[in-house]
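Here's the structure we're looking at; comments come further down.
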Amino acid sequence: METRITHSLIKAVSGEFDLENVSKLALCRMNIRKIECLAECANLQELNLSGNDITKIEGLERLHHLRKLILTTNQIESLSGLEKCNQLEHIQIQDNKISSIAEIESLVGLKNLKSVYFKNVDGTQKNLLCDHPSYRSSVMRQLPQLTVMDGERLKHSDSIYSEVPQSAGAPAKVVLPASKRWLQDWDWGDTEEIDVDKLLGQSQAKFESVLQESKKLNQAAVSLLAHYQ
């Protein structure tokens, strides 16, 4: 049985009487087929509609604070409808029916977008466009601001190297100073051989002297305490 998104449903699920106070909303696995009735949720930041039967992304253009959108496991074929979600930072849309690599163009204007999932990090729940030979390069080229793609943190090493001008010459040669032996100017003839046994003996004698002095001070302290008790 199909479930319609209504104000009553939103209030019941979110626990908020005033729709403007709703900042997070999860309507998962509810047989929803259409995204609707969300315009009054003006401060909505996170929306989870995973596990439904949604075929089209719509009704989000007035959600100016929406930052996180989860549409995993639906029937969506196009990314059209996201163009005006300028604050969007995170999109999960695995396990849908997006097949054309051209759909990425709908995300180009989302300059705050940092994370996108067209499949899981292990390759499961992938959309058909993930099988395109230029899938990865196309996404990275059109969305250079991404830091996470399909659960993988991007280092952008390829893009960094690609930005180096081809006309740049060979790197400057680094000239290292000639090596020099350590202590090469030290006069070893003036150094006396260290007598380890003699050194240890002197240390032992000092220790014994300090120990004896400590015993005398301890005895004096005990005697003094006994006198006042």
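FYI, numbering that gives the first Met the number 0 numbers position 103 of the sequence shown as 102, with every residue one higher than the one before it.
Cβ atoms here follow ideal geometry from the backbone N, Cα and C, with glycine treated the same way.
Predicted, not measured: the structure shown is a model, and the values here were computed from it.
Straight-line Cα distance separating residue j from residue i
i	j	result
Thr123	Tyr134	16 Å
Gln74	Glu57	13 Å
Ile53	Gly80	13 Å
Asn30	Ile4	10 Å
Ala41	Gln91	21 Å
Thr2	Arg32	8 Å
Tyr116	Asp17	32 Å
Glu260	Gln93	The chain is shown only over 0 to 228; residue 260 falls outside these bounds and no answer can be derived.
Buried/exposed call for residue i, threshold 16 Cβ in 10 Å
i	result
Leu106	buried
Leu48	buried
Asp149	buried
Asp130	exposed
Val21	buried
Glu39	exposed
Gly35	Reading off the sequence shown, one finds Glu at residue 35, where the question assumed Gly. So Glu35 counts as exposed.
Glu192	Residue placement at Glu192 cannot be trusted, given a pLDDT of 48 that sits under 50; what the coordinates show is reported in the next sentence. So Glu192 counts as exposed.
Leu46	buried
Reduced DSSP category for residue i - H, G, I as helix; E, B as strand; rest coil
i	result
His89	strand
Leu68	strand
Val147	strand
Lys215	helix
Close-in-space but distant-in-sequence residues of the same chain around residue i (CB under 7 Å, 5 per side omitted)
i	result
Glu60	Lys83
Gln86	His63, His64, Leu65, Arg66 and Asn111
Leu128	Ile97, Ser98, Ser99, Ile100, Glu102, Phe117 and Tyr134
Contacts around residue i, its chain only, beta-carbon distance under 8 Å, and the 5 residues preceding and following it disregarded
i	result
Gln218	none
Val12	Leu24, Ala25 and Leu26
6 Å Cβ shell around residue i - same chain, five flanking residues per side excluded
i	result
Met50	In the sequence as presented, Met is not what sits at residue 50; that position holds Gly. Closer than 6 Å at the Cβ level, and outside the excluded window around Gly50, lie Cys27, Arg28 and Thr72.
Whole beta strand (DSSP E) elements within the region 90 to 136, 3-residue minimum: 114 to 116
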